[in-house]
Every structure is written in structure tokens, then in C-alpha cells.
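Notes to accompany the following structure.
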Amino acid sequence: MDTCAYSQFKRGNQTASDLVSKARWVGMPVIVLGELRTGFRSGKYFDRNELELQAFLNNPVVHILDVDEIASSHYSETVAELRLAGTPIPTNDIWVAAIAIREGAVVVTYDGHFKLIHRVATHLLSI
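Note that the numbering used here numbers the sequence shown so that position 90 is 93, with each residue one more than the last.
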């Protein structure tokens, strides 16, 4: 799950909510947690948002996904491929994709640029 997907889930987007409620496994990359917490800190409701995030992370189907050496290799390969194709995307999204590649997971997102990364499966949602 990427940052936009979590945000839409918290806003009550039906598609995102249905996916989460039916999932047997949800991966939350630490990169996404960093992006979310950055947003929380720049808003007025840090404590509430953090509590809601912790409740989400405590769901037994949710797994926090760290960066490791394997993900770093996928990251570097993906950056090289995107540069060669002339299709740069945000760095944090490349990290999210690299972690998903390592896990063999699908990135649930509202960001179409994930489709530019041919090595990762995406589930593109629309608002």
C-alpha cells in the first residue's frame, strides 16, 4: 500500500476500504510510514493521525516492510531502468516499488506512474 492509498482509505474511499477489509495481507513499507508521519507533523491533528495509524498497523494482516540489501538492489536496478527510459518518478515511490518487488507484492496506489515500473505489479485505483 502506498501513501495515497492509505490516505484514501482513511478518507473512507469505498474501493480502498473494500480492498483493506478483504485483504489477508497488507504490506506497509517504512517509506510510506515516513511520508505519512511527515504529513501528520505538518497538519493540525498529529496525535489523532498517529493513533489511527497505530491502530491500522496493529491489524494482524498489516506488516511493516523494511528496506534491506535485496530491496536496495531492486531500487538501483529500477532507477537505472527508469533513467534509461527517460521516465523518472519520485524517489520514495521507487523505494516502495523495490520493497514490493522483493516481497512479490502488488502496489495498491492511485499514482499512475507506478505503471512505468515494469518489474512491479500495480493495482491502480481511481478516486
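Glycine included, C-beta positions come from ideal geometry on N, C-alpha and C. This one's a predicted model, so the numbers in the text were calculated from it and none came from an experiment.
Mapping the DSSP letters down to three states, classify residue i as helix, strand or coil.
{"i": "residue 121", "result": "coil"}
{"i": "residue 37", "result": "helix"}
{"i": "residue 149", "result": "A question about residue 149 goes unanswered here, because the residues of the chain that appear run from 4 up to 130."}
{"i": "residue 94", "result": "helix"}
{"i": "residue 56", "result": "helix"}
{"i": "residue 30", "result": "strand"}
In whole angstroms, what separates the C-alpha of residue i from that of residue j?
{"i": "residue 90", "j": "residue 122", "result": "14 Å"}
{"i": "residue 142", "j": "residue 33", "result": "There is no way to answer for residue 142, as the model of the chain reaches only from 4 to 130."}
{"i": "residue 2", "j": "residue 60", "result": "An answer regarding residue 2 cannot be provided, because it is not within the stretch 4 to 130 covered by the chain."}
{"i": "residue 82", "j": "residue 96", "result": "11 Å"}
{"i": "residue 127", "j": "residue 111", "result": "6 Å"}
{"i": "residue 35", "j": "residue 119", "result": "19 Å"}
{"i": "residue 47", "j": "residue 13", "result": "16 Å"}
Whose CA, out of the options, lies closest to the CA of residue i?
{"i": "residue 63", "options": "120, 23 and 12", "result": "23"}
{"i": "residue 43", "options": "61, 27, 6 and 25", "result": "6"}
{"i": "residue 65", "options": "112, 29 and 8", "result": "29"}
{"i": "residue 56", "options": "117, 10, 107 and 108", "result": "10"}
{"i": "residue 54", "options": "19, 40 and 45", "result": "40"}
{"i": "residue 19", "options": "113, 45 and 107", "result": "113"}
Mind checking residue i: buried by the 16 CB within 10 Å criterion, or exposed?
{"i": "residue 38", "result": "buried"}
{"i": "residue 49", "result": "exposed"}
{"i": "residue 87", "result": "exposed"}
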